Amino acid sequence: MKKDADVIIVGGGMIGLSIAYWLTKKQKSVLVLEKTATLAAGSSGAGDGHIYHNTKMPGYHTNLGFTGGVMYPEILKDLGENCGYTEGSGSYLLCDNEKEYEIVAAATKKMQESGADIYMLTGEALREREPYLSKEIYAASFAPPGGKIDPFELVFAYARKAQERGATILCNAGAEEVLIENGTAVGVKTPKGAFYGDVIIDAAGSWSAYLGKTAGLYVPVRPRKGQIVVTEGCAPMIKGPVTTASNFCAKLQPELMSLFSETTKKLGHGAALEQTEAGTILIGATNEWDDFDKSNTIEAIEWLIAEACREMPALRDGHFIRSFAGLRPFTPDHLPIVGTTKYLKNYVFATGFEGGGLSLNPIIGKMVSELICGEPLSVTNEPLQPDRLVKPYGKATAEEIAQNLPKDMEAERGV
């Protein structure tokens with residue numbers, strides 16, 4: 010059996026390519042397998058460019074996001090590309106009322122106590138920084154290290170640097186099966202043949218459940234659809250990315266869900282806004298359970314526009330020119346799955362990042378490279394350990410399998 014690379018990475022998005030970047034920096038030979046004809050075709054290419062620190066749960070998840078976000082200047086210097094990165098624009102979590110303020114302020118205090126650079130703004134202070142935001146917004150949390158980056162440019166910059174260091178990237182090479190010998194992952198079968206390596210990495214995002222099934226594992230990662238609307242180019246209206254606190258608050262206090270309309274509960278609890286370098290404003294995103302359907306709907310487009318105009322009334326005079334949708338890999342506890350599993354040797358997970366890939370990929374790429382190279386971890390992955398959620402496929406219930414492997418997708422081959 011001829012070895013094709015030290016490490017085989019399944020998935021050509023920002024997580025997979027960040028890992029490739031870090032591994033090749035450490036002189037590991039890497040093969041990246043992507044199922045589509047191009048990189049960034051999944052979650053990485055179907056989202057906004059937000060580097061958010063306000064929206065993660067206080068504690069480990071928030072700290073991990075801050076750690077990843079502040080790594081960008083050094084990484085971009087090494088890549089030799091800016092990738093549309095805006096340093097110091099900050100990110101905002103908007104509170105519509107006093108109840109949301111109380112919840113966000115309490116969470117912000119916990120984040121501050123753990124060393125995070127984040128604080129609360131009154132509505133007046135918020136509008137001094139972002140004057141186009143509605144006068145009805147009660148308050149906001151503000152994280153100065155937050156910002157924006159172009160996910161497409163980032164993925165391809167990672168890819169170019171990894172290839173300069175010897176990595177091979179194969180597109181149209183979906184993983185049809187994880188090859189196993191004596192309880193050890195040894196390779197991956199694709200339409201372009203079988204490839205063998207010392208370590209196999211699942212960075213397949215929303216398709217990780219299918220990849221796991223071929224390895225005899227139940228991997229509870231589900232696709233959650235996010236629809237996004239794009240405006241025409243506008244004069245500068247907003248510096249940092251903003252999102253509403255309602256979704257964050259509902260995670261901390263589920264009883265708040267009763268306050269939302271059925272449409273809002275179905276599609277999400279508020280919209281996020283970000284203005285690109287070209288002046289367009291991205292309005293997103295819904296949070297929908299729709300299996301692998303990436304189509305846009307009139308209901309969602311109307312809801313996103315209404316929410317955006319509520320947050321920024323000046324948008325009522327603008328034009329909304331297009332929409333798109335993508336899938337975010339969701340896990341039951343809202344934390345990614347990163348690390349090794351006792352159920353299969355030489356198999357490493359880096360999946361389930363939902364909407365946090367932009368802030369997390371720098372540190373996750375480094376973390377996974379340290380795991381594989383046997384180095385001390387810069388940040389512990391204890392809360393992300395796969396076996397808190399992963400188990401042998403035969404031990405999954407029928408309901409669990411139905412949620413992760415919809416019947417209409419059972420025949421899909423190639424992850």
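Take 10 as the starting number for the sequence shown in the working numbering and just add one per residue. For every residue, glycine included, the Cβ atom is placed at its ideal position computed from N, Cα and C. Note that this is a predicted model, so its numbers are computed, not measured.
Provide the residue(s) that pair with residue i in DSSP beta bridges, ordered along the chain.
i: Ile178; result: Val41
i: Glu2; result: Here the chain covers residues 10 to 424 and nothing more, so residue 2 does not appear.
i: Val16; result: Val39, Val208
i: Ser270; result: For Ser270, which the question treats as bridged, DSSP gives no partner whatsoever.
i: Lys400; result: Tyr227
i: Gln284; result: Ile290
i: Ile189; result: Ala194
i: Tyr101; result: Phe151, Val251
i: Phe75; result: Per DSSP, none; premise fails for Phe75.
In chain order, what residues of the same chain have a beta carbon less than 7 Å from the beta carbon of residue i, not counting five sequence neighbours either side?
i: Phe269; result: His278
i: Gly366; result: Met23, Ile24, Ser52, Ser53
i: Ile112; result: Cys258, Leu261, Gln262
i: Thr76; result: Ile372, Val388
i: Gly74; result: His62, Lys65, Gly365, Ser368, Leu369
i: Asp302; result: Lys234
i: Ile410; result: none
i: Met80; result: Pro371, Ile372
i: Ala224; result: Val187, Ile189, Ala194, Leu353, Tyr356
i: Lys351; result: Asp396
Going along the chain, which residues of its own chain have a beta-carbon closer than 8 Å to the beta-carbon of residue i, five neighbours each way excluded?
i: Asn305; result: Gln236, Ser332, Phe333, Ala334
i: Ile247; result: Glu139, Tyr141, Leu142, Leu282, Glu283, Gln284, Ile290, Met321
i: Trp298; result: Arg231, Arg233, Lys234
i: Lys274; result: Met266
Go through its chain and collect everything with a Cβ distance to residue i's Cβ below 6 Å, but skip five positions before and after it.
i: Lys404; result: none
i: Ala116; result: Pro67
i: Ala14; result: Ser38, Val39, Leu40, Gly206
i: Met10; result: Tyr205
i: Ala280; result: Ile292, Leu313, Glu316, Ala317
i: His120; result: For the sequence presented, residue 120 should be read as Met rather than His. Once the five neighbours on either side are set aside, the close Cβ partners of Met120 are Pro67, Thr71, Ile127.
On a CA-only basis, which of the options is nearest residue i? Give me that one, please.
i: Ala359; options: Val239, Val230, His328, Lys274; result: Val230
i: Ala148; options: Glu109, Thr177, Thr349, Ile158; result: Glu109
i: Gly25; options: Asp13, Gln36, Ser52; result: Ser52
i: Ser150; options: Ala134, Lys157, Leu220, Ile158; result: Ala134
i: Leu276; options: Leu265, Asn256, Pro415; result: Asn256
i: Asp126; options: Tyr101, Pro153, Asp300; result: Pro153
i: Lys86; options: Lys170, Leu261, Ile209; result: Lys170
i: Pro8; options: Gly74, Phe75, Asn91; result: This structure leaves residue 8 out entirely; the chain is present only between 10 and 424.
i: Val16; options: Val399, Asn413, Tyr356, Ala407; result: Tyr356
i: Ile314; options: Phe301, His328, Asp302, Ile146; result: His328
i: Ile178; options: Pro200, Lys144, Ala168, Leu398; result: Ala168
i: Val164; options: Leu88, Asp211, Glu409, Leu130; result: Leu88
i: Cys180; options: Lys222, Ile307, Leu393, Pro200; result: Pro200
i: Asp342; options: Leu398, Val79, Ala287; result: Leu398
i: Thr406; options: Leu353, Val347, Ala212, Leu226; result: Leu226
i: Val208; options: Lys375, Pro392, Lys354, Tyr69; result: Lys354
i: Asp300; options: Lys12, Thr340, Gln412, Pro385; result: Gln412
i: Glu162; options: Ala294, Tyr101, Gly93, Gly124; result: Gly93
i: Thr340; options: Ile330, Asp326, Phe362, Arg325; result: Phe362
Can you tell me whether DSSP reads residue i as helix, strand or coil?
i: Asn413; result: helix
i: Ser368; result: helix
i: Pro232; result: strand
i: Glu107; result: helix
i: Lys222; result: helix
i: Asn355; result: strand
i: Val113; result: helix
i: Asp326; result: helix
i: Ala203; result: strand
i: Glu419; result: In this prediction, Glu419 has a pLDDT of 49, which is less than 50 and means its spatial position is unreliable; what the coordinates show is noted afterwards. The answer is coil: DSSP assigns Glu419 none of H, G, I, E or B.
i: Ile158; result: coil
i: Tyr81; result: helix
i: Pro385; result: coil
i: Tyr30; result: helix
i: Ile373; result: helix
i: His70; result: helix
i: Pro338; result: strand
i: Phe165; result: helix
i: Leu142; result: coil
i: Gly56; result: coil
i: Phe362; result: coil
i: Ile24; result: helix
i: Ser332; result: strand
i: Glu408; result: helix
i: Ile127; result: coil
Hey, would you say the C-beta of residue i is under 8 Å away from at least one heavy atom of the ligand ZN?
i: Phe161; result: Judged by which ligands are present, the structure shown has none, so any question about the ligand ZN falls away.
**Prompt:** Do the segment 219–238 and the segment 378–388 meet, that is, are 3 or more Cβ pairs less than 8 Å apart?
**Reply:** no
**Message:** Can you confirm whether the segment 14–33 touches the segment 362–374 when touching is taken to mean that 3 or more C-beta pairs between the two stretches lie within less than 8 Å?
**Reply:** yes
**Asked** Is the segment 17–26 in contact with the segment 212–223, if contact means three or more CB pairs nearer than 8 Å?
**Response** yes
**Message:** Whether or not the segment 36–51 and the segment 239–257 are in contact is what I'm after, with contact meaning three or more pairs of Cβ atoms, one per stretch, closer than 8 Å; do they touch?
**Reply:** no
**Message:** Assess contact between the segment 164–174 and the segment 97–105, defined as three or more Cβ pairs (one per stretch) separated by less than 8 Å. Is contact present?
**Reply:** no
**Asked** When the Cβ atoms of the segment 53–61 are set against those of the segment 155–171, are three or more pairs found closer than 8 Å?
**Response** yes
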